[in-house]
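Taking the numbering used here, the leading residue of the sequence shown gets 22, the next gets one more, and so forth.
The beta-carbon is built from N, C-alpha and C at its ideal position, and this holds for glycine as well.
Please read all numbers here as calculations on a predicted model, not as lab measurements.
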Amino acid sequence: MQRATRLWSPLFLGPVVAAFVIGFVWPFLQGIWLSMCQFKTVSNAQFIGLSNYVKAFQDESFLHAFWYTALFAIVSLIFINVLAFTVACVLTQGIKGSNLYRTVFFMPNLIGGIVLGYIWSMIFDGILSRWSTSILMDSKFGFWGLIILMCWQQVGYMMIIYIAGLQNVPGEMLEAARIDGATRWQTLFKITIPNVMPSITICVFLSLTNGFKLFDQNLALTAGQPFIIQPGGTTIKTTEMLALNIFNTFNGTGAASQGIAQAKAVVFFVLVAGLGLAQLAYTRNKEVQQ
């Protein structure tokens, strides 16, 4: 059996490895190269060193988008996971119609981000019109609008993961806690949460990376508005996140805009990958081995 596996494994692994190299590894390496070039098309790229990275970090709009995205990712991570865990706890108590409720909570995750953005923009503007304002007129409205949209879309998905974790909590431990007189809060923090840490690890990772990578909802809901013109002439899009900033930079009118956008994309990748790996390493150390 082992001989047959060694003989035929290249035949089955070959297409997968080739697709991975062609679809991910090669474009990624080419993207790093282009981030150090000035180009209009890939065929006429001219190497200019780290100039694009210097210009990227000198771009006030990029720095604003970075801090705005970081704040958004942290706030959305907290709200999404607290709400998803709470709903999961309620729906694992054996209440009538729990399967229907799970389906209803999960359904928003099936709707595309662009569609969600336009739907919620109409909802928010309909509410805010009573005060003669709009979601595009105040950056605070845009921020919390994006938070509400993301919670509505992702809470149901995270809820399913938490439900799977809650159903795997050993019943013997819960029964022993009840016999010993533990309160519900003591049972939650001393037994339930430690045993659900694998689900928490996954949900926090997904919430964190999704918060940083948010693009289509940001484009459809606010498109970065409202704008602020700096004294130097730089336009700051107050609700623009990192992915949208990279997109707008790439489609700029300057001759070097594509290279600068590519440099921003490389920095963006390093940021998200670094934060994701650090979070996985930290939360995995908190997991309980059953």
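- Between the alpha carbons of Val291 and Leu229 lies a distance of about 14 Å.
- Rounded to whole angstroms, the separation of the alpha carbons of Phe78 and Phe289 is 12 Å.
- Around Ile101, the same chain offers Met171, Cys172, Gln175, Val176, Met179, Ser228 as residues with beta carbons nearer than 7 Å, after the five sequence neighbours per side are excluded.
- A distance below 8 Å between beta-carbons, with the five flanking residues on each side excluded, links Val63 to the following residues of its chain, in chain order: Gln51, Leu55.
- About 5 Å separates the beta carbon of Ile267 from that of Ala282, a gap short enough to meet the 8 Å contact definition.
- In this chain, the alpha helix (DSSP H) harbouring Lys76 covers 72–79.
- A check of alpha carbon separations from Gly115 across Gly297, Arg305, Thr304, Ile184 identifies Ile184 as the nearest.
- Taking C-beta atoms as the reference points, Leu98 and Val225 count as a pair closer than 9 Å.
- Contact between Lys258 and Phe248 holds, since their C-beta atoms are separated by about 6 Å, short of 8 Å.
- Excluding residues up to 5 positions away in sequence, Asp237 lie with their Cβ nearer than 8 Å to the Cβ of Gly133 in the same chain.
- Annotation: Phe127 to Val111 spans about 15 Å, alpha carbon to alpha carbon.
- Rounded to the nearest angstrom, the gap between the Cα atoms of Ile135 and Trp141 is 10 Å.
- Counting only the Cα atoms, Arg151 lies some 42 Å from Gln300.
- One Cα belongs to Leu298, the other to Thr90, and the distance between them is close to 18 Å.
- Using a 10 angstroms sphere on the CB of Leu235, the tally of other CB atoms reaches 16 or more, which defines it as buried.
- For Ile214 and Met158, the gap between their C-alpha atoms comes out near 41 Å.
- Distance from the CA of Ala284 to the CA of Tyr303, rounded to the nearest whole angstrom, comes to 29 Å.
- Excluding its 5 nearest sequence neighbours in each direction, Tyr139 has C-beta neighbours in its own chain below 6 Å: Ala241, listed in chain order.
- A distance below 9 Å separates the beta carbons of Thr154 and Phe162.
- Burial state of Phe49 is exposed, judged by a 10 Å Cβ sphere holding fewer than 16 other Cβ atoms.
- In this structure, the CA atom of Ser30 is about 34 Å from the CA atom of Asn306.
- The alpha helix (DSSP H) runs lying completely inside the stretch 259–296 and spanning 4 residues or more are 263–271, given in chain order.
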